[in-house]
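*Asks:* Position 30 of the sequence shown, counting from 1, maps to 32 under the working numbering, and the rest follow consecutively.
Don't be surprised by glycine CBs; every beta carbon is placed ideally from N, CA and C.
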Amino acid sequence: MVGLMLIVSSVAQEISAAELQPDHDARMQWFREARFGLFIHWGLYSVPAGEWNGKTSYAEWFLEETKMPVSQYEKFVPQFNPVKFDARAWVHMAKNAGMRYIVITSKHHDGFGMFRSGLTDWGIKATPFQRDPLKELAAACQEAGLKLCFYYSIMDWHHPDWGTRRAWNDQATGEPDMDRYVAFMKGQLKELLTNYGPVGILWFDGEWEKPWTHERGVDLYNYVRSLQPNIIINNRVGKGRAGMAGMDTGAERVGDYGTPEQEIPPTGFGPGVDWESCMTMNKHWGYNSHDHNWKPTEMLVRNLIDCASKGGNYLLNIGPTSEGLFPQPSVERLNEIGQWMKINSESIYETTASPFKHLTWGRCTRKVTNAGATLYLHVFDWPNDGRIEVPGLKNTVESATLLSDGTRVSTVSTPAGVTILVPEAAPDAFASVVVLRVKGSLNIE
Ligand code: GLC
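1) Relative to the ligand GLC, is the shortest distance from any of its heavy atoms to the C-beta of Asp112 smaller than 7 Å?
2) Whose CB is closer than 5 Å to a heavy atom of the ligand GLC? List the residues in chain order.
3) Unbroken beta strand (DSSP E) runs of length 3 or more, entirely within the region 14 to 55: which are they?
4) Looking at Phe271: is its Cβ nearer than 8 Å to the Cβ of Met246?
5) Looking at the secondary structure, which residues open and close the alpha helix (DSSP H) in which Asn346 lies?
6) Which ranges does the alpha helix (DSSP H) cover as unbroken runs of at least 4 residues, wholly within the region 108 to 158, from first to last along the chain?
7) Please report the distance separating the alpha-carbon of Phe87 from that of Phe432.
8) Tell me, which residues are paired with Met180 by DSSP?
9) Rounded to the nearest angstrom, how far is the Cβ of Gly419 from that of Leu395, given a contact under 8 Å?
10) Taking the beta strand (DSSP E) that Gly374 belongs to, which residues open and close that run?
11) Since Asn171 sits in a beta bridge, which residues does DSSP pair it with?
12) Who are Phe64's beta bridge partners in DSSP?
13) What residues are listed by DSSP as bridge partners for Ala402?
14) Between the Cα of Leu423 and those of Pro417, Ile156, Glu334, Leu404, spot the shortest distance and give me the residue it belongs to.
15) For Gly199 and Leu229, I'd like the C-alpha separation in whole angstroms.
16) Quick one: what's Gly364 bridged to in DSSP?
17) State the DSSP-derived secondary structure class of Val424, mapped to helix, strand or coil.
18) Using CA atoms only, rank isn't needed, just tell me which of Thr215, Phe131, Pro231, Ile233 is closest to Gly240.
19) With a CB to CB cut of under 7 Å and the five nearest residues on each side skipped, what residues in its chain are close to Asp179?
20) For Glu62, which residues of its own chain have a beta-carbon under 6 Å away from its beta-carbon, when the five flanking residues on both sides are left out?
21) Can you tell me whether DSSP reads Tyr259 as helix, strand or coil?
22) Just to confirm the assignment, what range does the beta strand (DSSP E) spanning Glu278 have?
23) Going straight from the alpha carbon of Pro71 to that of Tyr153, what length do you get?
24) Quick test of your reading: Glu265 and Pro84, contact by CB under 8 Å. State the CB separation rounded to the nearest angstrom.
25) May I have the straight-line CA-CA distance separating Asn224 from Gly189, to the nearest angstrom?
26) By how many angstroms is the C-alpha of Ile350 removed from the C-alpha of Phe38?
27) Does the beta-carbon of Asp407 have 16 or more other beta-carbons within 10 angstroms, so that it is buried, or is it exposed?
28) I think Leu100 touches Ser347, with their Cβ atoms under 8 Å apart; what is that distance to the nearest whole Å?
29) For Val105 and Gly208, what's the separation of their Cα atoms in angstroms?
30) Between Asn372 and Thr398, what straight-line distance do the alpha-carbon atoms span, to the nearest angstrom?
31) Buried or exposed: where does Val435 fall if 16 or more other Cβ atoms within 10 Å of its Cβ makes it buried?
32) Determine the DSSP secondary structure at Lys188, reduced to helix, strand or coil.
33) Under the rule that 16 or more other beta-carbon atoms within 10 Å means buried, what is His160, buried or exposed?
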C-alpha cells in the first residue's frame, strides 16, 4: 500500500491511493483532452422560471429561497411537460459548439429526479411527460460520440431523511435518518449507473452541509467506482472543497478533480491536478425568464481558452425551459462558439497548459512531441505595430502560421525571445490563433 501511494498524484490523493498512476491517467485521459463541456440545469424549477410573488431572482434554488411548503412546490409537477424536448437537437447543439461532454442534473437540491426512478415518485414519472429525458440523452450522446455525465445533489430538501430537514418540508414525518438517506441515494445512483450505459462523470454537489462527512464521501466514491470503474468523480463527493475556488485543501480529499465555480483560477496547478471551471451564460444556472444578462460570445470563447491555457476544462451552463428548449440567446452563443471552434479547436483539444507565466496579449496552449513543440498563441489584443512578442523563447522556430487560413508569417529571434510579424488585421474577432512550431524541447527563459 505504501509503495502504491508513491506513484499517485491527484486532487484525490487519499482515494486514488489504491489506483496506480498509469491507471489513473488512463481513466482521466478523455477528460484532459476534451477541455470543453456543456452543463445543463434542468428541473421542476423551470416551471416557475425564476419568478414568484413579484420577485424575479429565483432559479434552481427556488424552493429554499421562497421557503415554499413542499406540498405547494409539488403542485408544479402536473405543469411540467417538456414536449418540445429533443435529445438529439440538444446533443447536436453541444457537439456543434465543440463540446465533448454533457453534464446534466439528474437530481438537483430539490430532490426531483429527471429520470424514471423505481425508488420514489418524486421525479419525472409523476409529470404528464411520460418519457425519460436521461434515457433519450444517453442514446443521443452515444450516437454522436459525446460523453454523458450526471450531476447528482447530495443535499436533498425534499427527502425526509436528509439530515438538515427544512422547516418548510411539510411532507416529511418522523426523524431524519442519514443511513436510510444514503441507502436511497445509492439506490438511485445504481439506477443511473446501470440503466444509461457508460457514464463519463458523476458530478456531485450539495456536499457542504453538516450531515455529509468525509467518511460518507469516501464510501460514496468507492461505491460509484464499484459500479463503473472507469467513471470520473468530482471533488464535491467529499468535504475537501475550499469555497468557490473549488480546489481541495487540507487532508480530507476525495474525488478526481477540482470544481471552481463561476471563476477561473489565476494560474493552473501543474500536471496531475485536474480541474474544471463551471460557469453560467447569464447569471443563473436554472432557467430564469427575466435574466437577460447574457455574456458576450467573445467572453465565453476567451474563458474556454483561459481554462485550457491553465490546464483545465470549461463547463458552460444552459438552463432549459419547462418546454424543453434551450433559451434562444444560449443557442446563438453555442453557434458562435462553434464557428470559432470549427477553425480553432486544434488549439484547444489535447493541449496542455501554457509554458509562459504571463503574456500581455493573450494566452497560450501547447502540444509537445518528440521532435519539438507546438505553441498555440491565442491573441486577444491584436497588435497595432504588427509584432507579437513571445518572451524568453530560446528554441529555433520551425514555422509560424495563422490557424485561420494557414498563412505563413515570419519570425525574428531576438535576445528577448521571438517576435512574430503578423498582418494588420486580426484574423478573428474573438481570439486569433498563431501556431508556432519550434524544434527540440521547450527552452523558455
Ligand atoms: C452550486 C449551487 C447550484 C449549482 C452549482 C453548479 O453550488 O448550489 O445551484 O448547481 O453549484 O456548480
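*Replies:* The short version:
1) Residue 112 sits at position 110 when you count from the first residue of the sequence shown. Not under cutoff, so the answer is no.
2) Glu62, Glu263, Cys280, Trp287
3) 38 to 42
4) Locating residue 271 in the sequence shown gives position 269, where the first residue counts as 1. Locating residue 246 in the sequence shown gives position 244, where the first residue counts as 1. Against a cut-off of 8 Å, the Cβ pair of Met246 and Phe271 comes out as no contact.
5) The residue you call residue 346 lines up with position 344 of the sequence shown. Looking at the DSSP string, the run of the alpha helix (DSSP H) that includes Asn346 is 330 to 346.
6) 135 to 146
7) As a position in the sequence shown, residue 87 is number 85, starting the count at 1. As a position in the sequence shown, residue 432 is number 430, starting the count at 1. Cα to Cα, Phe87 sits roughly 31 Å from Phe432.
8) By 1-based counting over the sequence shown, the position of residue 180 is 178. None; Met180 has no bridge partner.
9) For the purposes of this step, residue 419 is identified with residue 417 of the sequence shown, where counting begins at 1. For the purposes of this step, residue 395 is identified with residue 393 of the sequence shown, where counting begins at 1. At roughly 5 Å, the Cβ-Cβ gap stays under 8 Å, so Gly419 and Leu395 are in contact.
10) In the sequence shown, counting from the first residue as 1, residue 374 sits at position 372. Start and end: 374 to 381.
11) Mapped onto the sequence shown, residue 171 falls at position 169. Partner(s): none; Asn171 has no beta bridge.
12) For this step, residue 64 is matched to residue 62 along the sequence shown. Answer is none; Phe64 lacks a bridge partner.
13) As a first step, residue 402 must be located in the sequence shown, where it is residue number 400. Paired residues: Leu438.
14) As a position in the sequence shown, residue 423 is number 421, starting the count at 1. Ranking Pro417, Ile156, Glu334, Leu404 by Cα distance to Leu423 puts Leu404 first.
15) Locating residue 199 in the sequence shown gives position 197, where the first residue counts as 1. Locating residue 229 in the sequence shown gives position 227, where the first residue counts as 1. In a straight line, the C-alpha of Gly199 is about 11 Å away from that of Leu229.
16) Start at 1 with the first residue of the sequence shown, and residue 364 comes out as number 362. In DSSP, Gly364 forms a bridge with Val381.
17) Locating residue 424 in the sequence shown gives position 422, counting from the first residue. Coil.
18) Counting from one through the sequence shown, the residue named residue 240 turns up at place 238. Minimum Cα distance to Gly240 is reached at Thr215.
19) In the sequence shown, counting from the first residue as 1, residue 179 sits at position 177. The answer, listed in chain order, is Asp163.
20) Locating residue 62 in the sequence shown gives position 60, counting from the first residue. Within the same chain, Glu62 has close Cβ partners His43, Tyr47, His110, Trp287, Gly288.
21) Residue numbering aside, residue 259 sits at position 257 when the sequence shown is read from its first letter. Strand, per DSSP.
22) For the purposes of this step, residue 278 is taken as residue 276 along the sequence shown, with counting starting at 1. Its beta strand (DSSP E) spans residues 278 to 281.
23) Translated into positions along the sequence shown, residue 71 becomes position 69. Translated into positions along the sequence shown, residue 153 becomes position 151. Approximately 25 Å, taken between the alpha carbons.
24) On the sequence shown, position 263 is the one that residue 265 refers to. On the sequence shown, position 82 is the one that residue 84 refers to. Incorrect: roughly 31 Å between the Cβ atoms, too far for contact.
25) Translated into the one-based positions of the sequence shown, residue 224 becomes position 222. Translated into the one-based positions of the sequence shown, residue 189 becomes position 187. Near 14 Å, if we compare the C-alpha coordinates of Gly189 and Asn224.
26) Here residue 38 refers to the residue found at position 36 of the sequence shown. Here residue 350 refers to the residue found at position 348 of the sequence shown. Going from the Cα of Phe38 to the Cα of Ile350 covers about 8 Å.
27) On the sequence shown, position 405 is the one that residue 407 refers to. Asp407 comes out exposed.
28) For the purposes of this step, residue 100 is taken as residue 98 along the sequence shown, with counting starting at 1. For the purposes of this step, residue 347 is taken as residue 345 along the sequence shown, with counting starting at 1. Before going on, a small fix: residue 100 reads as Gly here, not Leu. Indeed they touch by this definition, with Cβ atoms about 5 Å apart.
29) For the purposes of this step, residue 105 is taken as the residue at position 103 of the sequence shown. For the purposes of this step, residue 208 is taken as the residue at position 206 of the sequence shown. If I take the Cα positions, the gap works out to 16 Å.
30) Here residue 372 refers to the residue found at position 370 of the sequence shown. Here residue 398 refers to the residue found at position 396 of the sequence shown. So the alpha carbons of these two residues sit roughly 15 Å apart.
31) Working through the sequence shown from its first residue, we reach residue 435 at position 433. That one is buried.
32) Counted from its first residue, the sequence shown places residue 188 at position 186. In the structure shown, Lys188 sits in a helix (DSSP, three-state: H, G or I).
33) Your numbering for residue 160 matches position 158 in the sequence shown. Looking at its Cβ environment, which holds 16 or more other Cβ atoms inside 10 Å, His160 is buried.
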